[in-house]
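Let me begin by presenting the structure, written as structure tokens, before commenting on it.
2 protein chains.
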Amino acid sequence: MNVETALQKLKEKGYKRTKQRERILEIFVKQDQYIAAKEILKEIQNDFPGVSYDTIYRNLYMLTDVDILEATELGGEKHFRLGCDTHGHHHHFICTTCGKTKSIEFCPMDSINENLNGYDVENHKFEIYGKCPQCH
Amino acid sequence: MNVETALQKLKEKGYKRTKQRERILEIFVKQDQYIAAKEILKEIQNDFPGVSYDTIYRNLYMLTDVDILEATELGGEKHFRLGCDTHGHHHHFICTTCGKTKSIEFCPMDSINENLNGYDVENHKFEIYGKCPQCH
DNA sequence: GTTTAAATCGTAATGATTATCAATTAACTT
DNA sequence: AAGTTAATTGATAATCATTACGATTTAAAC
Ligand SMILES: [Mn+2]
Ligand SMILES: [Mn+2]
Ligand SMILES: [Zn+2]
Ligand SMILES: [Zn+2]
Chain A
1 MNVETALQKL
11 KEKGYKRTKQ
21 RERILEIFVK
31 QDQYIAAKEI
41 LKEIQNDFPG
51 VSYDTIYRNL
61 YMLTDVDILE
71 ATELGGEKHF
81 RLGCDTHGHH
91 HHFICTTCGK
101 TKSIEFCPMD
111 SINENLNGYD
121 VENHKFEIYG
131 KCPQCH
Chain B
1001 MNVETALQKL
1011 KEKGYKRTKQ
1021 RERILEIFVK
1031 QDQYIAAKEI
1041 LKEIQNDFPG
1051 VSYDTIYRNL
1061 YMLTDVDILE
1071 ATELGGEKHF
1081 RLGCDTHGHH
1091 HHFICTTCGK
1101 TKSIEFCPMD
1111 SINENLNGYD
1121 VENHKFEIYG
1131 KCPQCH
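If you're matching them up, the sequences are chains A and B in order.
The numbering of the first sequence is my numbering, which starts it at 1 and goes up by one.
The numbering of the second sequence is my numbering, which starts it at 1001 and goes up by one.
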């Protein structure tokens, strides 16, 4: 997904177009990896020295909510990345050094034959952690 | 695993037997669910009004390190549970209301045929979240 | 250009986790 | 049983991510 597509999606949902949002989206579009909130803040401060953490988190959560970003918890911090829209539901290998990801086109839920009768499944997480070829 | 077995394991590793450790282990042995650090603190304060958070965390991490406990991140907080030693490597359904778990005797890594050549896999996480029959 | 609700900023509060260090204690030695 | 010592704990403060909030600004609709 590119920045304009994302901003279009936001417009349709009634969100305003702001310079800060554009900038946040640019950061994510550029890199295929999970990024922590403080890294986003740091990056944005180049253009907007006075950005508030409130602005960062509010937007990250909002963008996750409208499925533009994906979130996960890495090393006790929330990390975000641009959602993959080139294919369907899938999972990721995540490099514990640089945060780059590789898609895993396999969902273990499809293979679950455990008896989960009586259980209400709301969500699931399958992530593989390690070193990518560049960091290995 | 029971408290005495766990304490024996600690002894073999050179850790001392303390009342606080016994108490922490008792809590975990009693319940088949993920518990947050602050809940452990609260529980232990009944017997040791002055326990320090340092004692709680140090022990939880140490017990995880020697494979007596398992840890995971739930809702932004570290949670711990007694490791399952009745069967081999497996995963869990986790109730998002009460923290109780159900073993899932299936590991998606066994079914991974993705090409991960050049990637160094260190770890993986597969968890299913939802409501258990009691909380449903 | 006016209006208005959304968004941002500046700043403070919260809450979990980590760190420090003096005092205590379990386990070993004599 | 008393002495020794390193591990452990308690009291407390620091750190760090995240959340909260009122005042100000701004995007976008009219
Ligand atoms: Mn992907
Ligand atoms: Mn289990
Ligand atoms: Zn990498
Ligand atoms: Zn439950």
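Just so you know, even glycine gets a beta-carbon here, dropped at the ideal spot from N, CA and C.
* Asked: In chain order, what residues of the same chain lie with their CB nearer than 7 Å to the CB of GLN1045 of chain B, ignoring the 5 residues before and after it?
  -> VAL1051
* Asked: Roughly how many angstroms lie between the CA atoms of HIS79 of chain A and LYS1038 of chain B, to the nearest whole one?
  -> 24 Å
* Test item, CB below 5 Å from any non-hydrogen atom of ligand 2 -> B:CYS1084 and B:SER1103
* Looking at the unbroken alpha helix (DSSP H) that takes in THR158 of chain A, where does it start and where does it end? -> Since the first residue shown for chain A is 1 and the last is 136, residue 158 of chain A is missing from the structure and cannot be characterised.
* **Whole-angstrom distance between THR1072 of chain B and LYS1042 of chain B, CA atom to CA atom** => 20 Å
* Min CB distance ASP1120 of chain B to chain A below 9 Å -> yes
* Compute every distance between the C-beta of GLY99 of chain A and the non-hydrogen atoms of ligand 3, then say whether any falls below 8 Å. => yes
* Residues near ILE56 of chain A in its chain [Cβ-Cβ closer than 6 Å; skip 5 each side] -> ALA37, ILE40 and LEU41
* Does the Cβ of GLY88 of chain A have 16 or more other Cβ atoms within 10 Å, making it buried, or fewer, making it exposed? -> exposed
* Hey, could you find the ends of the beta strand (DSSP E) PRO73 of chain A is sitting in? => In the sequence on display, residue 73 of chain A carries Glu and not Pro. Counting along the chain, the beta strand (DSSP E) containing GLU73 of chain A begins and ends at 69 to 74.
* To do: Closer than 7 Å by beta-carbon distance: list the chain A residues that pair up with PHE1093 of chain B, in chain order.
  => LEU116 and TYR119
* Identify whether GLN1134 of chain B lies in helix, strand or coil by the three-state DSSP scheme. => coil
* Does PHE80 of chain A come within less than 9 Å of chain B when only Cβ atoms are used? -> no
* To do: Take ALA1006 of chain B and list the residues in its own chain whose beta-carbon comes closer than 6 Å to its own, dropping the five residues that flank it on each side.
  => Excluding residues within five positions, the ones whose Cβ falls inside 6 Å are LEU1025 and ILE1068.
* Own chain, CB closer than 8 Å to LYS1131 of chain B, minus 5 neighbours either side, in chain order -> CYS1095, THR1096 and THR1097
* To do: Using a cut-off of 7 Å between C-beta atoms, extract the partners of THR1096 of chain B located in chain A.
  => Within 7 Å Cβ-Cβ: GLU122.
* **Alpha carbon of ASP120 of chain A to alpha carbon of GLY75 of chain A, nearest angstrom** => 28 Å
* Does ligand 1 have a heavy atom nearer than 8 Å to the CB of THR87 of chain A? -> Note on identity: in this sequence residue 87 of chain A is His, with Thr being the wrong assignment. Yes; taking the cut-off as 8 Å, the Cβ of HIS87 of chain A has a heavy atom of ligand 1 nearer than that.
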